[in-house]
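Report on one structure; see the data block that follows.
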Amino acid sequence: MRVSRQMLVTLRDVPAEAEIASHQLLLRAGYIRRVGSGIYAYLPFMWKVIQRITSIVREEMSRAGALETLLPQLHPSELWKRSGRWQGYTAGEGIMFHLEDRQGRELGLGPTHEEVITSLAGELLRSYRQLPVNLYQIQTKFRDEIRPRFGLMRGREFIMKDAYSFHATEESLQATYTAMDEAYRRIFARCGLDAVPVDADSGAIGGAASQEFMVTADAGEDLILISDDGLYAANQEKAISCPHEAIPLETGEPITLKTPGQGSIESLCETQGWHPSQVVKVLILMARMEDESEKPLLVSLRADQELNQVKLVNALSRLMDQGVLDCHPITVEETARQGLAPLPLGAIGPDLDDAVLKGARSWAPSFIRLADNTATELDRFHCGGNNHDLHRCHSDWETLGGRPGGQDLRNARAGEACVHNPKARLQDKRGIEVGHIFQLGRKYSQAMDCRFTNESGRDEAFWMGCYGIGISRLAQAAVEQHHDDAGICWPTAIAPFEAIVVVANIQDETQLALGEATYTTLLEAGIDVLLDDRKERAGVKFKDADLIGIPWRIVIGRDAAEGNVELIERSNREMRKLPHAEATSSLVSALRP
RNA sequence: CGGGGCGUGGCGCAGCUUGGUAGCGCACUACUUUGGGGUAGUAGGGGUCGUGGGUUCAAAUCCCGCCGCUCCGACCA
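Using our numbering, the first residue of the first sequence is number -7, and each one after it goes up by one.
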């Protein structure tokens, strides 16, 4: 391919819309253009990258025995109503784009395909003898993200590989889950990415075990915790750890203190000379449940700890046996709207009386009380006095009406000891989620009543797994992980071209002739090579080659008369001056070892 | 949705406070020049100043509404 024919449009200035390096570089180097908020065109170079990635994905999925298919993007609402997800995915802050056709039928644009595939499986897979089956597709997904950002990183229209497996037994599901884990490791390694598998929360998709694959990069939206012995890694949403020991509180008189202006843990501890680990803080939150009921929550936590919202929501939905639509701290305004007296925010104790909720307009009349282990394990502690500007010192659970059952509701943090090995410490890193595998279990097959006949002739719901890779996101994550000041440094396996031949001065006939010859030699060797034949100054062509990030560059320049050229590796900028035949052969052997 | 910022040729911006000829850099076209890290010069093309209304003799500029984009929080591949 000749650069002069490539519609290569590079920008010197960074478009104002781009914040992070990968987004800026993809725009500047002419890989993508924004068409709308969270909607991007993949320009020809980008499409080549995407195709490189998808062919690796196809090879590895196929190796793992999965079958490629292509499902519709337009989904009848009935399917989603059968699984019970229509309401949650369309109403309020739902992420599904939906519309009505001319007959008034409701349709949604697929944000994910469990419904479609499960219903098809239910029709096609009648017997355990057909199982297991693993189906995948590579296709555009639509999600009306609350906040699209960072270019392809969180788009509203994006390319995803999604796979769904169907099994007669849980053991079979686990075997495929393991196979997918291995396939994913191979895929990311082949794409040249440093991707860490981490334990993950299964979120809205649901199910039992789940693991995310994180490309480590400072621009990542997730915080991941990794043990320094390399044996444990988890998303902070899910991560567990041993909290630091509390500083023991010596015995003292249980008294009530006036604490004006000490509504925050920081100011309270500073004024009173307490350590936060000696205090039980109580967070007051409002949970809106799937049945639209509004439940006030009191969550007790040792004051040096942070609440983990995901763990809280999971604990709550287990307790109430239904989903949680929203959970947020209660505000002064909300309390007023309920017609209640102001709550003693900043001085709430675990035993705050339900009476404060009496007469609430729409809230449930009593608190759901939850406690983290760090709080319940304290024998003596300070806590709020349930009145404005009052705290109680040297209190204990017996005084407060009994020690509650504790559970894990806190954030694990860097520096803490690991549960699997107390000698190991957690470190934190930012990560970009490029893949996620789930053991769904029978959640969807039961909800949609999709069954097969088992060995003993009885109908049974499928065991299911699902496995996603954000293809377009992966492409950008690769740039985030592989770039320098001058531009992109694509891993060779997913680069749009493997090499570029730059003729420094095309008006020099010797250079031009040697350039064409080198280009032809490489083409004939099966190398995906680009020839920069533009009538531009050498500097411009070098800058562009660096920016677009082609892994290898051969420069035909002033030494062309002697038959010598330069061979340069983009990633480390190593340059060798070589006779041209040697340069092409050493390039070919580097690319086709 | 809550809270900031911004909408002026393809890209990056100035002009707006104090109303009166729409400007700069990059990119683009032609010619000249240069020819190994975004060469220099000359000439040129391209803008309903997001949009609707209002104030005014006169609005990019002042006032009101709407739309869009973007950043910080709740969603996720």
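Idealized CB from N, CA, C, for every residue including glycine. Please read these numbers as outputs of a predicted model, since none were measured by experiment.
The alpha helix (DSSP H) spanning residue i covers which residue range?
i: residue 544; result: Per DSSP, residue 544 belongs to no alpha helix (DSSP H); it is in the beta strand (DSSP E), 544 to 548.
i: residue 15; result: 13 to 20
i: residue -5; result: First-last for residue -5: undefined, no H or E at that position.
i: residue 110; result: 106 to 116
i: residue 82; result: 78 to 82
i: residue 531; result: 530 to 540
i: residue 328; result: 324 to 329
i: residue 507; result: 501 to 516
i: residue 36; result: 36 to 55
i: residue 69; result: 69 to 75
i: residue 273; result: Unbroken run through residue 273 is the beta strand (DSSP E), 271 to 281; no alpha helix (DSSP H).
i: residue 217; result: Looking at the DSSP string, residue 217 is not in any alpha helix (DSSP H); the run it does join, the beta strand (DSSP E), is 214 to 219.
I need the straight-line Cα distance from residue i to residue j, nearest angstrom please.
i: residue 79; j: residue 306; result: 20 Å
i: residue 111; j: residue 171; result: 24 Å
i: residue 639; j: residue 523; result: Outside the shown range of the chain, which is -7 to 585, sits residue 639, and nothing can be said about it.
i: residue 314; j: residue 280; result: 11 Å
i: residue 300; j: residue 190; result: 17 Å
i: residue 149; j: residue 498; result: 42 Å
i: residue 520; j: residue 102; result: 35 Å
i: residue 55; j: residue 49; result: 10 Å
i: residue 151; j: residue 465; result: 8 Å
i: residue 349; j: residue 283; result: 20 Å
i: residue 323; j: residue 380; result: 15 Å
i: residue 605; j: residue 338; result: Only positions -7 to 585 of the chain appear in the structure, and residue 605 is not among them; the question remains open.
i: residue 20; j: residue 74; result: 46 Å
i: residue 406; j: residue 293; result: 18 Å
i: residue -6; j: residue 12; result: 30 Å
i: residue 287; j: residue 430; result: 30 Å
i: residue 383; j: residue 392; result: 13 Å
i: residue 139; j: residue 473; result: 23 Å
i: residue 236; j: residue 459; result: 36 Å
i: residue 261; j: residue 358; result: 30 Å
i: residue 202; j: residue 485; result: 28 Å
i: residue 91; j: residue 248; result: 59 Å
i: residue 584; j: residue 548; result: 22 Å
i: residue 53; j: residue 168; result: 11 Å
i: residue 16; j: residue 504; result: 33 Å
i: residue 345; j: residue 389; result: 15 Å
i: residue 589; j: residue 495; result: Since the first and last residues shown for the chain are -7 and 585, residue 589 lies out of range.
i: residue 535; j: residue 214; result: 33 Å
Hey, could you find the ends of the beta strand (DSSP E) residue i is sitting in?
i: residue 134; result: 125 to 134
i: residue 668; result: Only positions -7 to 585 of the chain appear in this structure, which leaves residue 668 out of reach.
i: residue 298; result: Unbroken run through residue 298: none, as it is neither H nor E.
i: residue 445; result: 443 to 445
i: residue 455; result: 455 to 462
i: residue 204; result: 202 to 208
i: residue 25; result: 24 to 28
i: residue 385; result: 382 to 387
i: residue 151; result: 149 to 159
i: residue 425; result: 418 to 433
Can you tell me which of the options puts its alpha carbon nearest to the alpha carbon of residue i?
i: residue 578; options: 228, 527, 256 and 514; result: 514
i: residue 493; options: 51, 462 and 506; result: 506
i: residue 511; options: 572, 553 and 429; result: 572
i: residue 89; options: 137, 345 and 42; result: 137
i: residue 454; options: 504, 537 and 165; result: 165
i: residue 192; options: 100, 94 and 303; result: 303
i: residue 544; options: 532, 563 and 554; result: 563
i: residue 134; options: 161, 81, 375 and 533; result: 81
i: residue -1; options: 326, 526 and 76; result: 526
i: residue 122; options: 146, 318 and 447; result: 447
i: residue 444; options: 41, 71 and 116; result: 116
i: residue 254; options: 276, 346, 376 and 159; result: 376
i: residue 87; options: 33, 147, 114 and 96; result: 147
i: residue 533; options: 318, 72, 482 and 478; result: 478
For the ligand NAD, is there a heavy atom less than 8 Å away from the beta-carbon of residue i?
i: residue 320; result: Ligands in the displayed structure: none, and consequently the ligand NAD is not present.
To the nearest whole angstrom, what separates the beta carbons of residue i and residue j, a pair I think is in contact under 8 Å?
i: residue 633; j: residue 362; result: Lying outside -7 to 585, the shown extent of the chain, residue 633 is not represented and no answer is given.
i: residue 469; j: residue 209; result: 7 Å
i: residue 461; j: residue 541; result: Not quite, the Cβ-Cβ distance comes to about 22 Å (not below 8 Å), so this is no contact.
i: residue 587; j: residue 157; result: Lying outside -7 to 585, the shown extent of the chain, residue 587 is not represented and no answer is given.
Okay, do the stretch 206 to 220 and the stretch 411 to 424 touch, 3+ Cβ pairs below 8 Å being the bar?
-> yes
Could you tell me whether the stretch 47 to 63 touches the stretch 129 to 138, using the rule of 3 or more Cβ pairs below 8 Å?
-> yes
Counting pairs of Cβ atoms below 8 Å between the stretch 436 to 444 and the stretch 171 to 185, do you hit three or more?
-> no
At least three beta-carbon pairs within less than 8 Å, the stretch 396 to 413 to the stretch 227 to 236 = Contact between the stretch 396 to 413 and the stretch 227 to 236 is present: 3 or more CB-CB pairs across the two stretches fall below 8 Å.
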